[in-house]
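Residue numbers (our numbering): 1 to 188.
Okay, here's the thing in structure tokens:
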């Protein structure tokens, strides 16, 4: 019984001393490093990307985007050249038939079994695909320029922990269910 009394007194004195202690509040100030914003950086990135596709991405130090740019524009150029070649083949076959008075050369393995109407349709088909490939490739070239410009703008955007939106997950101690929420932090 005496030991319980000593333990009780020791615990009581320990809590009173801990409550009576003064607590200091430390305020840590963050050193704010302001980087200079170059307003011409997006224009330079767009200009470089217009001169040579992918150069604007290199200026923004996003080197992993350069193969994507060259792959997209290279695929467009491939389809332009392929459709142009096939268009010229059908056009040459049609010109050859017109020069021979509309006679079909049946010894030709490629075009010998096609009618003149089929040759005209093939010519128009590949011409349409070539023109569409030119438009898509031009769009990809312009997208390359716009992407370099927007990326240079976003590099100047201030992203730090003073303003953040984070998911907040915690377990309810009574039901042990997960509670989901968002924490919006704004510090001056």
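Cβ atoms here follow ideal geometry from the backbone N, Cα and C, with glycine treated the same way.
Quick one, are the C-beta atoms of residue i and residue j less than 8 angstroms apart?
i           : j           : result
residue 141 : residue 90  : no
residue 46  : residue 56  : yes
residue 60  : residue 143 : no
residue 42  : residue 153 : yes
residue 116 : residue 101 : no
residue 133 : residue 83  : yes
residue 179 : residue 170 : yes
residue 145 : residue 50  : yes
residue 87  : residue 130 : yes
residue 157 : residue 168 : no
Can you tell me the Cβ-Cβ gap for residue i and residue j, rounded? I've got them flagged as a contact below 8 angstroms.
i           : j           : result
residue 62  : residue 151 : 6 angstroms
residue 111 : residue 93  : 5 angstroms
Hey, could you find the ends of the alpha helix (DSSP H) residue i is sitting in?
i           : result
residue 56  : 55 to 59
residue 112 : Segment: none, residue 112 is in no alpha helix (DSSP H) and carries neither H nor E.
residue 36  : Taken as a continuous stretch (DSSP letters only), residue 36 belongs to no alpha helix (DSSP H), as it is neither H nor E.
residue 92  : 66 to 99
residue 120 : 116 to 155
Cβ of residue i versus every heavy atom of the ligand GTP: is any distance shorter than 7 angstroms?
i           : result
residue 166 : The ligand GTP is absent from the structure shown, which contains no ligands of any kind.
Any Cβ of chain D within less than 8 angstroms of the Cβ of residue i?
i           : result
residue 120 : In the structure shown, chain D cannot be found, because there is only a single protein chain.
### Query
So, do the region 71 to 89 and the region 124 to 138 have three or more beta carbon pairs nearer to each other than 8 angstroms?
yes
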